Amino acid sequence: MGITMVLSLLSGVALFLYGMALMGDSLKKVAGNKLELILYKLTNSPIKGLLLGTVVTAIIQSSSATTVMVVGFVNSGMMKVAQAIGIIMGANIGTTVTSQLISFNLSALAPAIVMAGVVMMMFFKKVKVQRIGEVLLGFGILFMGLTTMSDSMSVLRESPQVVEIMGSLTSHFLAVLVGLAVTTVLQSSSATVGIVLLLANQGLLDIRICFFIIMGCNIGSCVSALLAGLSGKRDAKRAAMIHLVFNIIGTFIIYVILSVALEPITQFISYISGGNPGREVANAHTLIKLVEVLLLFPFIKQIVKLTGFFVRD
């Protein structure tokens, strides 16, 4: 594996992360303060919080950003811990939108999208239009990063050593740890799932292992909220802990389900994805999040009480 290929892969990851951050930040600027106002004013019921968390995260393309905002609201007293959990659950669903977009492979349109964004930013005087141009620029850069990563990984497929290493990743528990470690480093579960999706497309990762890497991403995505809650008040710490507890319990449940019925679930996801490995990863990501929320939503009060055990009065 040459230094040129490694640099190409890293530059692809950097472009992807930058594009996603630019797109999310620009969308927040387009919305102004409306997202924050909606988040803490319209969360008087868990179901509303769930829906809002899903929509807001789908818009800003980052569950970490949503949960960090929520921790900030709880810390300032604008939101109660019980209100936060619905939004956090919704954020887990909303974050799967990125992987769904990636799976449709819009890379061929990336240069045109970037050009449209640049034109809107440079030749239009209206701030709103310029912000939308920034969104398009971020979207295009994201897919250009994916193209760079994909080209690098196509070379990996031709390396017997890399194929052997990837093929030897058969331990489900180790796969969870890999997803956890990579997401903790990148600070983005969407980026990790994007990389997993590309590896699956290149035939380097079996979809069965991808399931477990995605579960590790769930836990790794909690790091940002935990860091945000470190210096906060008790309730802010509890809100951050809710995110972690929810994802750990959800991951454990899904791990058990997959361990028992891995083949039928794999066949089902392959069927609804048309046998496309990238779509399989994206759909698995969405289904895992949906099942976690459906199973744990009735136990919101119990999860809040459990966090009180870790963060005491």
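Numbering-wise (numbering that gives the first Met the number 0), the sequence shown opens with residue 0 and increments by one. Quick reminder that beta carbons are idealized off the backbone N, C-alpha and C, glycines included. All values derive from a computational prediction rather than experimental measurement.
Count the other CB atoms within 10 Å of the CB of Thr66; is the residue buried (16 or more) or exposed (fewer)?
-> By the neighbour-count criterion, in which a residue is buried when 16 or more other Cβ atoms sit within 10 angstroms of its Cβ, Thr66 is buried.
Taking just the CA atoms, how far does Leu226 sit from Asp234?
-> Each residue's alpha carbon lies about 14 angstroms from the other.
Among the residues of its own chain, which have a CB less than 7 angstroms from the CB of Leu196, if the five just before and after it don't count?
-> So the qualifying residues of the chain are Ser98, Ile101, Ser102, Gly277, Val280, Ala281.
Leu261 lies in the alpha helix (DSSP H); which residues open and close that run?
-> Leu261 -> alpha helix (DSSP H) spans 233-271.
According to DSSP, is Asn275 helix, strand or coil?
-> Note: Asn275 maps to coil in three-state DSSP.
Under 7 angstroms Cβ to Cβ from Gly116, same chain only, skipping five residues before and after it: list those, please.
-> Only Gly132, Glu133, Leu135, Leu136, Gly139 meet the Cβ criterion.
From Ile248 to Gly202, what does the alpha carbon distance come to, in whole angstroms?
-> Rounded to the nearest whole angstrom, the C-alpha separation of Ile248 and Gly202 is 31 angstroms.
Below 8 angstroms between beta carbons: does that hold for Gln82 and Gly48?
-> Going by beta carbons, Gln82 and Gly48 fall inside the 8 angstroms limit.
Which of the three DSSP states, helix, strand or coil, is assigned to Ser63?
-> Here Ser63 sits in helix by DSSP.
DSSP state of Gly137, grouped into three classes?
-> The answer is helix: DSSP assigns Gly137 an H, G or I state.
If I'm right that Phe240 touches Phe309 with Cβ under 8 angstroms, what's the distance once you round it to whole angstroms?
-> As written in the sequence, residue 240 is Met, which differs from the Phe given in the question. In this structure Met240 touches Phe309 by the C-beta definition: roughly 5 angstroms separates them, less than 8 angstroms.
For Asn200, which option in Ala20, Val126, Leu145, Leu261 has the closest C-alpha, if you only look at C-alpha atoms?
-> If we check each option's Cα against that of Asn200, Leu145 comes out closest.
Based on Cα-Cα distance, which residue from Met114, Cys221, Glu291, Gly89 lies nearest to Thr183?
-> The shortest Cα separation from Thr183 among Met114, Cys221, Glu291, Gly89 belongs to Cys221.
Give the secondary structure of Gln186 by DSSP, where H, G and I count as helix, E and B as strand, and everything else as coil.
-> In this structure, Gln186 counts as coil in the three-state DSSP scheme.
What is the DSSP secondary structure of Phe72, reduced to helix, strand or coil?
-> Helix at Phe72.
Just how far apart, CA to CA, sit Leu108 and Thr169?
-> One Cα belongs to Leu108, the other to Thr169, and the distance between them is close to 36 angstroms.
Compute the Euclidean distance between the alpha carbons of Phe142 and Phe15, then round it to the nearest angstrom.
-> Linking Phe142 to Phe15 through their CA atoms gives a straight-line distance of about 7 angstroms.
Using a threshold of 8 angstroms, state whether the C-beta atoms of Ser62 and Ser188 are closer than that.
-> The Cβ atoms of Ser62 and Ser188 sit closer than 8 angstroms to each other.
Straight-line gap, Leu295 to Ser269 (C-alpha atoms, nearest Å) | Rounded to whole angstroms, Leu295 and Ser269 show a C-alpha spacing of 26 angstroms.
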